[in-house]
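Protein chains in written order, with our numbering: chain A, 8 to 444; chain B, 8 to 444; chain C, 8 to 444; chain D, 8 to 444. C-beta atoms are modelled at their ideal positions from N, C-alpha and C, and glycine is treated no differently. Since the model is a prediction, treat every value here as computed from it, not as a measurement. Here the structure is laid out as structure tokens; the discussion comes afterwards.
What follows is the structure in structure tokens.
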């Protein structure tokens, strides 16, 4: 790293809450213990290569505007290596310990897969060295199965078997390099695995093929000794009109139906949850209950925008609600909080990368502290426990264990005249919760 | 039926397509064969008691306005019997062969379940006689587990075990009267089985309890010899903020997780599908693929209204898309098209019940004919078959059957330079489809 | 008030921020000065009679569940007076100084308008006495032009002229009693002034009639000496599919088109804004810019529910954003923060009225303090001022004042090679803003 | 045109309704009279240069896939001329008489505006010759004020005055070339004229600047003798989070507020209407009533996708509803139906351009015939007229003309006991309408 990519931007300082310096952590203290565990281990932050290094901030109405002085805009391997240097410099300065990538973010697509793989290997070797030098770890890797024209109608779900073969081969290599980089996980995000219109789609066959690719990946992971966690990532639509992995429940149904539930967990993204008509805490709770909470793509959306805006999660209230559910599930094991987020297009200067990540990290640090305070306070949990207390009775246990019959229940109900329901006290609980925020 | 409820309205006539008479069937001919089967057997229309007889057309901003001269507004059993007479008169005049009901639509809620059951028996006996006299059949029955105050926080998912017991007892009775009336099915619609806020909810326990009630119902059906089909009905929200049976995929996940998939199918409602961010044909296709298409609540919604408007499905284009999927699934067996639809509040005169049902029936009859024409035309199906033809190759078969490995696929892909994808021709197919409408 | 309606609930205490008592004000201190003005004068809280006293918490799927032991459920004037007593007791105990009502909330609809008016006069006399005794003021009054069956197709926009006449007569009386009670304003909320379907609607004629009613009200206000502020309240839909006053911009267009802009301001409701696809701060800003910010119906919605959930605004972050815009407009003059909000249906106990209002009031008090802190901090305002600073140049002034021509501007642009735009720094500003929350 | 761009694709044939040929007009007959006017004059079809020639069908998840063998991918003027040849060949073969363009679609952006203008002049001269040779006319022109990086924060609404100057200069030239090509209109679509966040936006100043640009355009049109119609085009969001021209009502408010209503009409786009929570027929009706219906960007969206999908309008039912409103407004004068629509990304072959346009044109031709049939049938119009007949009474006239007082209306209402409202018959009317489709 002969030349800094971000000159004049030092390691982000830790500032106190009265500081007027915006580029500082007011809440994030990596080693501060929360419930006996360092913040950094609760949060396990990652930055993603695609938005941080490869997103020029173009949109459907205009091209790239992001300033990237370290990048010559070409697709040489040398440029890739310089980009990787800039990225690891960014991670260090921003105090982020993990990263995520798609194969085609870090190295170029060439005329053949063989050539692409060769260049990928060169970049991966460089990244391995950067990892080693910095102590940064790979949260997860993945293959980009949606950008190239061959995937116009899907990858695993393409109508063409040749495209499936290519996708499988690309996943094979991506798995291998993820393994080589010590990746803790591997993600399948659906991309174009869905349909634009039912009119030209064989949904049954496409879903079968999608499951087939996942099984092939499991087999290959076994073959190469990759023991990282597999994830699928729900999203309801975009770029497809309907994506097969539309929300957590759809993913769980799919994994069950195709015998994949043992090997896969879910990677939940905030903005994908809201596009599906859910809150992100709902989606995390669904995963928690079914034992498939894996990792989180931490971002946020704009409520009335119907597309995936992938904003940085700067609101600690949102983060607190997420952390409450994540902590209820026992916290992350292999997963973490990956900022699958991009700056607004108007924030096109290099320093905005820092402002955005810092705002997100600090919001989560504060959210973590709030969640811990809510748990320590105990009033909300006690209320909920008491609310369901009648189920802890003998009758409740008989029903829950399947021993009660309808006839028995009918005999209890036939002559009852009152209904013992009491208030859910939602407004009181919100007042308590917000008081702790 | 000493006095007609709908005097001056005769059986709805069959008119030809040039007629200016709006109250007539232009397309519905019950005995006309379509693909060798009478229209009425394809469509299996039902009218629902709740909207047709019990919906005064109140809304959150104003009370009942529907004119129901046959109804004295009271909750006597005599009034219930008169109402049933009016309903069966309506069915006959409107040429509808099936009906559906909630227990509390047809008979009143009394101070105790014992008393409610006694009155319910009297009404059911009357309905049995009306069925026998008319030949009308019961498509399905169900219990109303959401209107009474005891169910304010759910029925099976209530925080109070006593409420669960009451719900179970009510389902027991509803199953028994459905069986007594020869019902072809029994529906569970979630009602308040969901949550308003996660803050006071134990989602895991609630879902366990919901599954428990379904198992109890299966057990009781076995005990009384009810062999009808069980259905659950997806809906994403309303009255709850999140309902556990949010869409077809969520229902399938739930049935699988709790070992209920063999005994249950789904009852898909158009407007519930759209509220979940899907098209109704998507939801039917999901059921078809997973083998759980049961019955359909035929209505429609207003696209930009975010609540369940339950409009009559008067657009044959919508109906054609639904019938294409239903016919692809082999048509209904136990299920049918139940008009879970209400007139607009401004359509408060008795004759509007006829206009609305006739518009819906005729739209489906026309939709059925269009669907049959599309199938007979064959161009769309042939295009789709050809689109996936590469999967019928030896390679495709090897992959589909799980015999191919990633290594084998990689060897095919490594040096490939072209991608053989061709156009999906969506616009051409839409032009063909609309040309047949 | 021989008997308390809320026994055992004393005046809501002021508690400190470490208190575990949920029923207390942690932030609201009526007389504490913020920017030199007492909190109570910034916030001007009102409780609405309809939700607080008349909402049984029924919904389209179930009836009333709210416990109201002071109310015998009948429509006698005596019951109305007892209700008013309970309401003013509630206001005093909850430390709320203002109220709002619809004519038909406080007194019953009788067989004729003459009889309704007579009973209304009795209740109004009682309320006047309660106001005098308590010091409570009337923020605004209005007429209920949507609940009665005659208004099924609209009031001013009814297809029937007789209904328009009735609506006008009802507004006349409502204006008179609002004036008698010293009301500071009078609101028109559209209710059913919109359409369900264009197919049977003469939109031009209906809008003309709506404007006509507003002009009649202005004329009558002049005749009786009512100098209070008139407001219209935007809402995009519900109960109608489209309401003519759909959002702030639509209201402004309407007021301009019909020559009403001088006499009317807007009453902005949070949940109506979000249903229209806007944020509430956007709607307030639109009003501010056009000089028509009048009053606010303070509530909140659930983002992915498409109907008007009218929740209590318990999130101080939302309140802070609203207060920033309200303070930017110079604060309320005739208007205030009316809690047009209802408890969740599960919160059916009397004490939940207190929990809900206290949560809302405290959230706004905290929001006010945050807004004042943001204004005192000054970093965000300074950034925005600097962002537009080039417009303060001579060129900027020439353009803004209309003196520059296209030719002149072209001559400046023809050979320019750079574009001097700089980052919008949204993420940095959010980090600053959230840091002050 | 030495070489055909679309070899083997002849002029699209007129086929009869039983034809199995998808690439043919089943309904469109340019010279067939409908209500005494040729179809082509009712419909005034245009194809837009940006989607037809310049859209590679990239999306945020993948790059260009459209096959364009006539285009070398470069930005030479020669390539631009070849593209224009291909476009006019397409128009001729597809039987389309009009076109629309942005300045930067037809000619490249160069280092300076002076250079860009010079190249633009060369392309415009070529297009003028192609127009003359083919008889094709320019429906409207416009300037692209959103794609270039200088417009990252808006054009007229940029925080930088230099950007405003550039935008004004660009509009000046675009107006001049539109005039040179005989354009019948000129459109302002907001592009980035809106905000991403209120936090860094001075909304008042931005709107003032936007109005200023429109006034400058009016002035310059006067100076050069351009008498074509100006339009603004509503869209609620995308690329901005809020666009100032959010819907028809917002545009009308804006035009009124800034004294622009005499010179501007609206260009309504279907998908923009639905994104704003309206139907397109609503937006057209709003324009009709306020006298500002100008032109239509004919496309359609996918209901549950929250972004602007710009699909071809292939559903004649939608087109019929649009044509009913357009015909109610007296039909187009300067405006027309511009297909602001793109093929689905999977439809990337050249022939798909034909399939898509033909599907859209035929759908509108059929929609036109349906609309004419509905008007000839007369039942719906007669129903609506009768529904409002009471307003044609002496009382109705007195109210409408402003002669009635509230006192007079009260005297009529005080003792009335009945309400003469009758059913709105929506379902009956829908049955009639669909019967004519």
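Where does residue i fall in DSSP's three states?
i, result
"residue 442 of chain B", "helix"
"residue 345 of chain B", "strand"
"residue 16 of chain A", "coil"
"residue 272 of chain D", "strand"
"residue 356 of chain D", "coil"
"residue 364 of chain A", "helix"
"residue 261 of chain A", "helix"
"residue 11 of chain D", "coil"
Chain C partners of residue i, CB-CB under 9 Å?
i, result
"residue 299 of chain A", "Simply none; closest approach about 22 Å."
"residue 66 of chain B", "67, 245 and 246"
For residue i, which residues from the same chain have a beta carbon less than 6 Å from its beta carbon, with the 5 sequence-adjacent residues on both sides left out?
i, result
"residue 47 of chain C", "37"
"residue 12 of chain A", "77, 93 and 96"
"residue 309 of chain C", "316"
"residue 303 of chain B", "275 and 344"
"residue 62 of chain B", "349"
Would you check whether the ligand MG has a heavy atom nearer than 7 Å to the C-beta of residue i?
i, result
"residue 163 of chain D", "Although the ligand MG was asked about, the structure shown includes no ligands whatsoever."
Residues in the same chain with beta-carbon distance under 7 Å from residue i, minus the five sequence neighbours each way, listed in chain order, please.
i, result
"residue 381 of chain B", "331, 387, 440 and 443"
"residue 116 of chain A", "123 and 155"
Name, please, each residue of chain B whose Cβ falls closer than 7 Å to the Cβ of residue i.
i, result
"residue 355 of chain D", "430"
In chain B, which residues lie less than 9 Å from residue i when you measure between Cβ atoms?
i, result
"residue 153 of chain C", "68 and 69"
"residue 156 of chain C", "69, 70, 71, 72 and 355"
Applying a beta-carbon distance threshold of less than 9 Å, which residues of chain A neighbour residue i?
i, result
"residue 222 of chain B", "409"
Quick test of your reading: residue i and residue j, contact by CB under 8 Å. State the CB separation rounded to the nearest angstrom.
i, j, result
"residue 284 of chain C", "residue 203 of chain D", "Not quite, the Cβ-Cβ distance comes to about 15 Å (not below 8 Å), so this is no contact."
"residue 241 of chain C", "residue 279 of chain C", "6 Å"
"residue 433 of chain A", "residue 351 of chain C", "5 Å"
"residue 361 of chain D", "residue 30 of chain D", "6 Å"
"residue 233 of chain C", "residue 182 of chain C", "6 Å"
"residue 149 of chain C", "residue 109 of chain C", "5 Å"
What does residue i touch in chain C if you count any residue whose Cβ is under 7 Å from its own?
i, result
"residue 32 of chain A", "None at all; the shortest Cβ gap to chain C is about 10 Å."
"residue 207 of chain D", "390, 391, 394, 431, 432, 433 and 436"
Name the chain D residues whose beta carbon is nearer than 7 Å to that of residue i?
i, result
"residue 203 of chain A", "351 and 353"
"residue 433 of chain B", "351, 353 and 354"
Give the residues of chain A in contact with residue i, contact being defined as C-beta atoms less than 7 Å apart.
i, result
"residue 323 of chain C", "441"
Note down, in chain order, each residue of its chain lying with its Cβ closer than 8 Å to the Cβ of residue i, except the 5 sequence neighbours on either side.
i, result
"residue 372 of chain C", "32, 34, 35, 36, 46 and 50"
- request: Counting only runs of 4+ residues fully inside the stretch 30–113 of chain A, write out the alpha helix (DSSP H) ranges in chain order.
  value: Within the stretch 30–113 of chain A, the complete alpha helix (DSSP H) runs of at least 4 residues are 46–50, 56–61, 84–101 and 110–113.
message: What ranges does the alpha helix (DSSP H) occupy inside the stretch 140–205 of chain C, keeping only unbroken runs of at least 4 residues that lie completely in it?
response: As far as the stretch 140–205 of chain C is concerned, its whole alpha helix (DSSP H) runs of at least 4 residues are 168–187.
task: Taking only runs that begin and end inside the stretch 279–312 of chain A, name each unbroken alpha helix (DSSP H) of 4 or more residues, in chain order.
output: With a minimum length of 4 residues, the continuous alpha helix (DSSP H) runs that stay inside the stretch 279–312 of chain A are 287–297.
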